[in-house]
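In UniProt numbering, the protein residues as written are 1 to 446. The block underneath contains the structure these notes are about, expressed in structure tokens.
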């Protein structure tokens, strides 16, 4: 649907001083209705198509219908938008005329009110008219010959997704802000929502944040919010929950200080609670589908460049983390002793190397990078372990295996965890390890 009122408002915002509307009326032979100005007019004897200025607050389409009826007596509600014409009027004012068109029968009567003559003319035989009007008529005639469709007809043939925008907001510990939905209390949202007519995605995110958490994020965090840093663009196919496609923009909302957090005021009609959680612990509050979507955006934020994300995700791209079983030919497994810290996976356990996917990595690329970062060695010939997947391993996690044949004393602890070591297979089960370790170790040993 075209909002002509919005187009008029945009024209005025651009510095246009007068908004007008006109209609190119055609008969079945393709002739055009032209009206001659009277001799006492400021432009005596010039021929125009029916047109005039809008009344205060009038929609351009409504104005075109009204002007057509007033100047010719023709009532044609089924006019179609053609284009706009900018010109300086006789009073020196920058004018934007929204031009429409319609076709009327051969026997249509014309009753003049402001002009002294009318006629039906072929486009290549126009009477004296302005350069702007001639340009519009030539433009329309050329496109009609090529099978032109009015904008409203064309829009009905293409996908028109819903648009939305939101902010990713964190606290000083890097935890992500979420708000419990007041209607669907099992759902947690980020500050954002659907676009209103005429809004840009960034304007949508700002307005929704003001409405939902009571903070003007642009004023609170001018850097990075003022940079309009885009994190991700998300295309969501229609599904049984939301039967229309959507496109969303996720922007960086920056970090809220403790003082700023005390000023969060929720709209009780929309949200009833807010909290900050780590990337990992949000899994306890989200459905698997919602959490998968969050992880995609969080990966985009870590990557430092805008990522394009499709939902549903293509199968080959549908992973957000890896677990890597690195073994030696001597039957040893590389285990990482994790920090005893809240908000991470398996705190205090001995686990295989693992971590989040970054940027647009493949599973082997993520595995190779994580092993180097956490253990200081380079692995090759990385392969995915076959199913069945252990129930304690997320469907978004790929489990991989690599045999390391380099010097075993080359391992070094990265910047996470309290230790790293090679452990014989027979001794692994005696350690505090996640339950999935024995499951996959049996596959490797076999």
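Note that beta-carbon positions come from the ideal geometry of N, C-alpha and C, so glycine has one too.
Kindly identify the DSSP beta-bridge partner or partners of residue i.
i: residue 48; result: 35
i: residue 164; result: 194, 248
i: residue 273; result: 180
i: residue 234; result: 248, 309
i: residue 171; result: 256
i: residue 20; result: 53, 97
i: residue 102; result: 25
By the DSSP assignment, the beta strand (DSSP E) with residue i in it spans what residues?
i: residue 85; result: 80-88
i: residue 308; result: 307-311
i: residue 286; result: From DSSP, residue 286 is part of no beta strand (DSSP E); its letter is neither H nor E.
Where does the unbroken alpha helix (DSSP H) through residue i begin, and where does it stop?
i: residue 260; result: 258-262
i: residue 64; result: 60-72
i: residue 132; result: 131-145
i: residue 210; result: 201-213
i: residue 118; result: No alpha helix (DSSP H) contains residue 118, which is instead part of the beta strand (DSSP E) from 115-121.
i: residue 5; result: 4-13
i: residue 155; result: 151-155
Using only CA atoms, which one of the options lies nearest to residue i?
i: residue 227; options: 204, 235, 251; result: 251
i: residue 398; options: 378, 368, 10, 407; result: 368
i: residue 184; options: 155, 273, 403; result: 273
i: residue 26; options: 59, 53, 141, 88; result: 141
i: residue 46; options: 281, 1, 115, 56; result: 115
i: residue 392; options: 345, 404, 106; result: 345
i: residue 449; options: 342, 330, 238, 89; result: No statement about residue 449 is possible, as the shown extent of the chain runs from 1 to 446 and does not include it.
i: residue 430; options: 359, 335, 145, 404; result: 335
i: residue 108; options: 148, 74, 80, 444; result: 74
i: residue 135; options: 299, 86, 223, 199; result: 86
i: residue 152; options: 145, 388, 160; result: 160
i: residue 422; options: 353, 283, 357; result: 353
i: residue 531; options: 20, 31, 44, 155; result: This structure cannot speak to residue 531, because the chain is shown only from 1 to 446.
i: residue 351; options: 375, 245, 366; result: 375
i: residue 196; options: 280, 162, 229, 365; result: 162
i: residue 123; options: 328, 342, 49; result: 49
i: residue 303; options: 210, 67, 358; result: 358
i: residue 186; options: 101, 155, 283; result: 283
i: residue 78; options: 65, 238, 176, 129; result: 65
i: residue 258; options: 445, 403, 276; result: 276
i: residue 409; options: 332, 192, 110, 143; result: 332
i: residue 380; options: 341, 328, 92, 428; result: 328
i: residue 436; options: 217, 296, 325; result: 325
With DSSP run on the structure shown, which of helix, strand or coil describes residue i?
i: residue 94; result: strand
i: residue 267; result: coil
i: residue 124; result: helix
i: residue 25; result: strand
i: residue 223; result: helix
i: residue 40; result: coil
i: residue 189; result: strand
i: residue 297; result: helix
i: residue 242; result: coil
i: residue 112; result: coil
i: residue 229; result: coil
*Jot down the residue ranges of each uninterrupted beta strand (DSSP E) in the UniProt domain "Nudix hydrolase" (315-446), minimum 3 residues, whole runs only, in chain order.*
If only complete runs of 3 or more residues are kept, the UniProt domain "Nudix hydrolase" (315-446) shows the beta strand (DSSP E) at 321-327, 332-337, 353-356, 397-403, 419-424, in order along the chain.
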